[in-house]
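Residue numbers (the UniProt record's numbering): 1 to 297. By construction, the Cβ of each residue, glycine as well, lies at the ideal position given by its N, Cα and C atoms. Owing to the predicted nature of the structure, the values given are computational and were not obtained by experimental measurement. Reviewing the structure listed below.
As structure tokens, then:
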């Protein structure tokens, strides 16, 4: 954290530091504290707004949100406005209000992502338009990573001008976007992982009569089969194979009382291709063969 503070707080720029047809970068870093400060940023549908907040307790009020956002130090958001709007930023903190505002033109982002090329690209742009890159967890804004701090420092300290600066800035902006998308993708993976046992159980409950394996479940859910086994056992304290066997036997126990159904048909209904395998499993579970249990009913 000390490295981060030195990295960002050592910067003394205030105002625009880069403007091109696609990207505008402004630093708000007043040298004199006024106890309470305010600033405004203009939003419109032709631009995405990327804000990196470098001081604590910064409030942001936009037209599309009744409640102002409140940021901790070193948090950020990627925001899009569907109409022209003047967003207000302020702080009641005695510390100067410092932030970096990066505006990215819509056409530039669209050409960069190329949403018509594939589903993933289309989904990323849609998430940007729906402001999915504001809250990482419920009402918690995402925190800047170490890599983001380094990139911002490189942008703020780059001394060359002209074409070299343009190429350098665009490369760094692309890297920032990649880091943001990766950070939110990891969040989604964590949320999916937390629901993994429930998803596995539901799939087994619906398909226990088939010859299903952890590999198949893993492919369907998009998770490694070893993790599938681990997550399920941790949640339900049994293995997938044992749970499938238990479901099959419970089903068989219910069907065995119906003498109109042949035992071979029950075996197939419960997922057993061969009758002898079904009989062996049934006897191991209940201590008697299917025929004996049926005849004694």
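Discussion item. DSSP three-state label for residue 41, please.
Written reply: DSSP places residue 41 in strand when its eight states are reduced to three.
Worksheet item: Hey, would you say residue 255 sits closer than 7 angstroms to residue 261, going by beta carbons?
Response: In this structure, residue 261 lies closer than 7 angstroms to residue 255 by Cβ.
Discussion item. By alpha-carbon positions, which one of 134, 14, 290 ends up nearest to residue 257?
Written reply: For the set 134, 14, 290, the Cα lying nearest the Cα of residue 257 is the one of 290.
Worksheet item: Which one or two residues does DSSP pair with residue 104 in a beta bridge?
Response: Beta-bridge pairing links residue 104 to 23, 48.
Worksheet item: Would residue 119 be called buried (16 or more neighbouring beta carbons within 10 Å of its own) or exposed?
Response: Around the CB of residue 119, fewer than 16 other CB atoms lie within 10 Å, so the residue is classed as exposed.
Discussion item. Please classify residue 167 as buried or exposed, where buried requires at least 16 neighbouring CB atoms within 10 angstroms.
Written reply: Flag for residue 167 reads exposed.
Item to complete: Tell me, please, which residues DSSP counts as bridged to residue 16.
Response: DSSP, once it has assigned bridges, lists 26 as partnering residue 16.
Discussion item. Considering only the alpha carbon of each residue, which of 46, 148, 29 lies closest to residue 55?
Written reply: Of the candidates 46, 148, 29, the one whose C-alpha sits nearest the C-alpha of residue 55 is 29.
Practice prompt. Could you tell me the distance, in whole angstroms, from the CA atom of residue 97 to the CA atom of residue 215?
Written response: Those two C-alpha atoms are separated by around 53 angstroms.
Fill in: Which listed residue (186, 94, 103) has its alpha carbon closest to that of residue 136
From the listed residues 186, 94, 103, the smallest Cα separation to residue 136 is found for 186.
Worksheet item: In terms of residue numbering, what span does the beta strand (DSSP E) encompassing residue 80 cover?
Response: Per DSSP, residue 80 belongs to the beta strand (DSSP E) from 75-80.
Worksheet item: Under the three-state reduction of DSSP, which class applies to residue 209: helix, strand or coil?
Response: Collapsing the DSSP output to three states places residue 209 in coil.
Worksheet item: Considering only the beta carbon of each residue, do residue 75 and residue 143 sit closer than 7 angstroms?
Response: It is a contact, given that the beta carbons lie within the stated cut-off.
Discussion item. For residue 42, count the other beta carbons within 10 Å of its own beta carbon; 16 or more makes it buried, fewer makes it exposed. Which is it?
Written reply: Around the beta carbon of residue 42, fewer than 16 other beta carbons sit within 10 angstroms, so the residue counts as exposed.
Worksheet item: Around the C-beta of residue 15, are 16 or more other C-beta atoms found within 10 angstroms, so that it is buried, or is it exposed?
Response: Its Cβ having fewer than 16 others within 10 Å, residue 15 is exposed.
Worksheet item: So what does residue 243 bridge to, in DSSP terms?
Response: DSSP lists no partner for residue 243.
Worksheet item: Where does residue 280 land, buried or exposed, given buried means 16+ other C-beta within 10 angstroms?
Response: Taking all protein chains in view, the Cβ of residue 280 is surrounded by fewer than 16 other Cβ atoms within 10 Å, so the residue is classified as exposed.
Worksheet item: Is residue 126 helix, strand or coil when you go by DSSP?
Response: It is helical.
Worksheet item: Considering only C-alpha positions, which residue in the set 177, 235, 116 is nearest to residue 152?
Response: With distances taken between Cα atoms, residue 152 lies closest to 177.
Discussion item. Please report the straight-line C-alpha distance between residue 201 and residue 232, rounded to a whole angstrom.
Written reply: Distance between residue 201 and residue 232, taken at the CA atoms: about 8 angstroms.
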